[in-house]
Amino acid sequence: MTRRLTLAVAVALAAAGPALSETLPEAVQFERGAVAASLTGMPGDPEAGVKVMTTNALGNCVACHLVSALPDVPFPGDIGPALDGAASRYSEAQLRGIIANSKHTFEGSFMPAFYKTEGYIRPGNAYTGKAATEPLPPILTAAQIEDVLAFVLTLKD
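Quick look at the structure:
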């Protein structure tokens, strides 16, 4: 019985490992817009990154950015810069920072801060009196940020 319990605890801890090492949004360290450390402690999955980038309910990066490596995306956006060659122009740390919260790199950017939970302007009270008061979750998880990063790192000139 003790051996089974020990084994069950070991399996549970191994499964929780990535979640335990995840950097929370408020703990992310930006240095001139760059984030050197992985948010999960593990590399992301480029294929999962494509899903995040092309799914409306997730990152939907292609709504604003052209990505020539994704030719089947209907109606790619052009209000943000094309992501072609992004990995040749920026370091991994710079790209991680831009994906997490581009406002640390590009002041006034209209790109959403995908990995933050505080500092939002909540105008709802002025209009409806029903602005949310509870903390807002980040738009993307740490793993999704790393997945998008893994794909963007493949976009070299």
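According to mature numbering (1 follows the signal peptide of the UniProt record, and there is no 0), the stretch in the sequence shown is residues -21 to -1, 1 to 136, in order. Positions of the beta carbon are idealized from the N, C-alpha and C atoms, including for glycine. Quick caveat, the model's predicted, so the values are computed rather than measured.
**OP:** Look up Glu97 in the DSSP assignment and say whether it is helix, strand or coil.
**Re:** In this structure, Glu97 counts as coil in the three-state DSSP scheme.
Original post:
residue 137 by DSSP, collapsed to three states: which one?
Top reply: Limits of the chain in this structure are -21 at one end and 136 at the other, which puts residue 137 out of reach.
Original post:
Which residue comes first and which comes last in the alpha helix (DSSP H) that contains Arg75?
Top reply: Glu71 to Asn80 is the extent of the alpha helix (DSSP H) around Arg75.
**OP:** Report yes if the C-beta distance between His44 and Gly59 is below 8 Å; otherwise report no.
**Re:** His44 places its beta carbon less than 8 Å from that of Gly59.
Original post:
For Ala27, which beta-bridge partners are listed by DSSP?
Top reply: According to DSSP, Ala27 bridges with nothing at all.
**OP:** Following the continuous alpha helix (DSSP H) through Asn104, name the residue where it begins and the one where it ends.
**Re:** First-last of the alpha helix (DSSP H) with Asn104: Gly103 to Tyr106.
**OP:** Note the first and the last residue of the continuous alpha helix (DSSP H) segment covering Gln8.
**Re:** Counting along the chain, Gln8 sits inside no alpha helix (DSSP H), nor does DSSP assign it H or E at all.
Subject >> Unbroken alpha helix (DSSP H) run spanning Phe130, endpoints >> reply: Taken as a continuous stretch (DSSP letters only), the alpha helix (DSSP H) holding Phe130 covers Ala121 to Val131.
Original post:
For Pro96 versus Pro116, is the C-beta distance shorter than 8 Å?
Top reply: In the sequence on display, residue 96 carries Thr and not Pro. Yes, the Cβ-Cβ distance between Thr96 and Pro116 is below 8 Å.
Original post:
Just the Cα atoms here: how many angstroms apart are Gly12 and Ala61?
Top reply: One C-alpha to the other measures close to 19 Å.
**OP:** Look at the alpha carbon of Gln8 and the alpha carbon of Gln73, and state the distance between them as a whole number of angstroms.
**Re:** Cα-Cα distance, rounded: 12 Å.
Original post:
Measuring CB to CB, does Val46 end up less than 8 Å from Asp63?
Top reply: Yes, the pair counts as a contact, with Cβ atoms nearer than the cut-off.
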